[in-house]
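**Q** Following this message is one structure expressed as structure tokens.
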Amino acid sequence: MSVLPLVDLLILCGTGSVAVGFALKAIALTTIYRPTLLGFTPLDMLIIAGLFFGMALVLTARTWMKLNEPHLQALQRRIGEEEARRRARAYDARNGGGIEGGLAEAVPPEPAPVETIAAHR
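Here it is as structure tokens:
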């Protein structure tokens with residue numbers, strides 16, 4: 007399921023709450039009457055709008071992070087490998103060498119010759 011319609015709905019509700027809050031405030035400023043909508047004052051409607059916008063932002067950020075997670079993990083792994091190479095070079099320089107070239111892969115030892123039954127006869 008796509009998250010975009012839900013984000014759009016949250017933004018629409020936030021915008022509607024701001025509009026209702028401004029309308030209530032305009033009525034309150036131009037008349038003696040102090041209007042409320044379901045018990046919510048203009049300030050309450052502004053707070054509700056802020057909550058809607060905040061939820062839309064959090065949902066969008068979470069979706070973006072989920073989509074970019076493999077890229078970010080690859081970047082962290084690459085940075086970690088570069089740090090490991092840097093530390094290995096510093097260790098080799100400090101301790102006088104080690105494997106030639108710092109991080110050259112060690113050559114696996116030659117396998118031991120396999121003796122056949124024919125060799126023992």
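Numbering (the numbering used here), first residue to last: 7 to 127. We put the beta carbon where it would ideally sit given N, CA and C, even for glycine. The structure displayed is predicted, hence computed values, not measured ones.
Taking all protein chains shown into account, do 16 or more other C-beta atoms lie within 10 angstroms of the C-beta of S23, making it buried, or fewer, making it exposed?
**A** buried
**Q** May I ask you to report which of helix, strand or coil DSSP gives L44?
**A** coil
**Q** What is the rounded straight-line gap between the Cα of I54 and the Cα of G60?
**A** 10 Å
**Q** Take the Cβ of L109 as the centre, count every other Cβ of all protein chains shown within 10 Å, and call the residue buried at 16 or more, exposed below.
**A** Here L109 scores only 48 on pLDDT, less than 50, and its place in the model should not be relied on; the value that follows carries that caveat. Answer is exposed; the Cβ neighbour count stays below 16.
**Q** Between K31 and L44, what straight-line distance do the alpha-carbon atoms span, to the nearest angstrom?
**A** 15 Å
**Q** How would you call A62, buried or exposed, if buried means at least 16 neighbouring beta carbons within 10 angstroms?
**A** buried
**Q** What's the C-alpha gap between A34 and T21?
**A** 20 Å
**Q** If you run the structure through DSSP and keep just helix, strand and coil, what is I33?
**A** helix
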